[in-house]
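One structure is given here, and the rest of the page talks about it.
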Amino acid sequence: MWSSFFGGSGNAKSKELPKKAIVELREHINLLTKKQSHLQTQVATQEGEARRFLSAGNKTLAKNALKKKKVYEGQLVKLDGQIDSLEQQLFSIESANLNLETLRAMKQGSKAMKAIHAGMDIDKVDETMDDIREQVELGDEISDAISRPMYSGVNEVDEDELDEELDMLAQQEAANAVHVAPDAAPAIPQQQQKVPQLPDAPIGEIAGSDANKAQQEDEEDEDERALRELQAEMGL
Numbered sequence: 070m071w072s073s074f075f076g077g078s079g080n081a082k083s084k085e086l087p088k089k090a091i092v093e094l095r096e097h098i099n100l101l102t103k104k105q106s107h108l109q110t111q112v113a114t115q116e117g118e119a120r121r122f123l124s125a126g127n128k129t130l131a132k133n134a135l136k137k138k139k140v141y142e143g144q145l146v147k148l149d150g151q152i153d154s155l156e157q158q159l160f161s162i163e164s165a166n167l168n169l170e171t172l173r174a175m176k177q178g179s180k181a182m183k184a185i186h187a188g189m190d191i192d193k194v195d196e197t198m199d200d201i202r203e204q205v206e207l208g209d210e211i212s213d214a215i216s217r218p219m220y221s222g223v224n225e226v227d228e229d230e231l232d233e234e235l236d237m238l239a240q241q242e243a244a245n246a247v248h249v250a251p252d253a254a255p256a257i258p259q260q261q262q263k264v265p266q267l268p269d270a271p272i273g274e275i276a277g278s279d280a281n282k283a284q285q286e287d288e289e290d291e292d293e294r295a296l297r298e299l300q301a302e303m304g305l
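Written as structure tokens, this is what we have:
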């Protein structure tokens, strides 16, 4: 079998043989299972006949029925043993066939890996990786060069010089603010100042005061009523 597995002439035959054996074993187990069911029925039938003859007082026929029952029971025991043996063999063949199929799959995987690695060499791989690293470094250098300012040196401004010039301007502005006094606001002659005229105080009663007072009293009564209702709800 192993020679066939590794490329022998009987490779196709080795694939079909386990499948054929598995099919035949299953068919025979099914046949014996049907026979087993028939024998179980016969055992139950003969036991029923023995009971019936014994109830009728015919011990001879009852004994014959029991003898048949014993024969069927003996056949049933042998049949159970055969079924157990076939099932164990079937399990072993299926397990072995599964192992064989697993090995075949692993062999195909090994062939595929060999085919993939056929054109690959560790030295070539290292060389390719070095080329990739070199190109990556070159790309980084190019990116750095592109990101640098284009016009450097001629129009470059010194930040410290700008700060010093800014401080000088601030000092000059502060000195100018001290020497320049704000213009005084012209004084207004006392004669020209006018006192605003207030409106005259009302002489008679203000119109509508009674109505406002009545409205205010109504609002107070409504507030008192609402307060009393709230106290009643709270039990105060």
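Going left to right, the sequence shown walks through residues 70 to 305 as the numbering used here numbers them.
Where a beta carbon is used, it is the ideal one built from N, C-alpha and C, also for glycine.
- By the Cβ neighbour-count rule, Lys138 is buried, with 16 or more other Cβ atoms within 10 Å of its own.
- At least 7 Å separates the beta-carbon of Leu101 from that of Tyr141.
- In this structure the stretch 111–128 does not touch the stretch 148–157; the number of beta carbon pairs closer than 8 Å is below three.
- Every alpha helix (DSSP H) stretch that sits fully inside the stretch 123–191 and reaches 4 residues is listed by chain position as 128–186.
- About 7 Å separates the beta carbon of Gln105 from that of Leu145, a gap short enough to meet the 8 Å contact definition.
- Between Ala90 and Ile162, the alpha-carbon positions lie close to 8 Å from each other.
- Assigned with DSSP and collapsed to three states, Arg121 falls in helix.
- Rounded to whole angstroms, the separation of the alpha carbons of Ser212 and Arg202 is 15 Å.
- Asp227 carries a coil assignment under DSSP once its states are collapsed to helix, strand and coil.
- The alpha carbon of Lys88 has as its nearest neighbour, out of Phe122, Ala165, Asp153 and Leu231, the alpha carbon of Ala165.
- Arg95 sits in a helix when the DSSP states are folded into three classes.
- Judged by DSSP in its simplified three-state form, Arg202 adopts helix.
- The Cβ-Cβ distance between Leu135 and Phe122 does not fall below 7 Å.
- The Cβ neighbour count for Ala119, taken over all protein chains shown within 10 Å, is at least 16; the residue is labelled buried.
- Here the alpha carbon of Leu94 sits roughly 6 Å from the alpha carbon of Leu159.
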